[in-house]
Structure formats: C-alpha cells, structure tokens
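S.K.: Below you will find the structure I want to go over with you.
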Amino acid sequence: MSPAAATLRPIQLVCVAVGMGALMITVVRVFVDPSAPMPSVLAIAVVLVALLGGALLITYAGYSVPALPLGLPRENAETTSLRFFTSTTVLRTALAEAPVLIAFAVSFAFTPHTWLPLAIALPGALALFWLHAWPSPRTAAATERGLEADGAKSYLSEALGFRQG
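All the letters of the sequence shown, read from the start, carry residue numbers 11 to 175 under this note's numbering.
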C-alpha cells in the first residue's frame, strides 16, 4: 500500500463508520414500525430545515481551518494539514448525518408517527455526505484553500495521493 493510500484509508474508514449510522437508524426505524402514514406538514418542514441547516453549516463551518504560517517545513505542514483535514472531515460527516438524526426524532415526536421523514432526510444526507464528507480531491482542495490562505503550502493533496508533488 502506498504511503498516500495508507494515510487516506483511516480517514475513509472513519467516514464510513460514522456515516453508516444514518442508514442503520433508518432501517431500524422502518422495522420498529413499518406503517407509513403521510407525515404532518410540520414534520416535513422540520426535516427540510434540518437538511438546509446541515448544508449551510457544512459550507460555512465544515471547511473552516486556520491558515498555515509561512515558512513551515514540509513535514510539519503535511502533518498539520492532515490533522485539520481529518477533523473537518469528521465534522462534515457528522453535520451530513444530523438531518437523519433529527428526522428520527421527528418520526416519533409528531403525529402521525411514521418513518417517512427519514425517507426524506436520508437521500439528502447521503448527498451531503458524498459531496462534502467523503475524502476526495474536491474536499481536499476546499480545505487547502483555508490552509493556504496566507500563502503557505499545505501539501495536503500530495499527502492524500490526490496530486503528485
């Protein structure tokens, strides 16, 4: 296994482990009560607001990292960049999964009790997960923009194997 793959694999495994929670909660909820009456308008509204809120939080907080100082040696820049990338990836994963957790609560809190709010939240949460949480060249580049804001080089994409350098 290449050093880049060895670096990327644990981050991917953490993302999958955290992200699987949304799918497992949905499956359990359907088996607990398979009836599916139409949810209330308020329940649907809460889930849609949760999805929108998750997307906004991911966009504005999920990629927020401090800029690296100029003159930082490559080894330190790589280590620091990987630490920030890993922590923000876990944050983005949690924020992507949050609408499903809210939909789970909504499925019991509002009448009629139904798992359909989860059917609304799960596709949106999976889209947020795929676009923002899964480690990819796009998420690495977005994190690099913050890390390199003051002109220092982060070497993040190189360390993850997304770019040769």
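Even for Gly, the Cβ is constructed at its ideal location relative to N, Cα and C.
#1: Alpha carbon to alpha carbon, how far is SER74 from ALA159? Give it in angstroms, no decimals.
#2: What separation, rounded to the nearest whole angstrom, lies between the Cα atoms of ARG19 and PHE172?
#3: Do you know offhand how far PRO13's Cα is from VAL28's?
#4: Kindly indicate the opening and closing residues of the alpha helix (DSSP H) around GLU30.
#5: Give the straight-line distance between the Cα atoms of ALA39 and LEU101, rounded to the nearest whole angstrom.
#6: Can you find at least 3 beta carbon pairs, one from the segment 90 to 101 and one from the segment 125 to 137, that sit closer than 8 Å?
#7: Would you grab the beta carbon distance between PRO145 and ILE21 for me? Rounded to a whole angstrom, and I think it's under 8 Å.
M.R.: In short, the structure shows the following:
#1: 11 Å
#2: 13 Å
#3: 24 Å
#4: Sequence check: residue 30 is Met here, not Glu. Start and end: 13 to 42.
#5: Strictly speaking, residue 39 in this sequence is Arg, with Ala absent from that position. Rounded to whole angstroms, ARG39 to LEU101 spans 25 Å at the Cα level.
#6: no
#7: 5 Å
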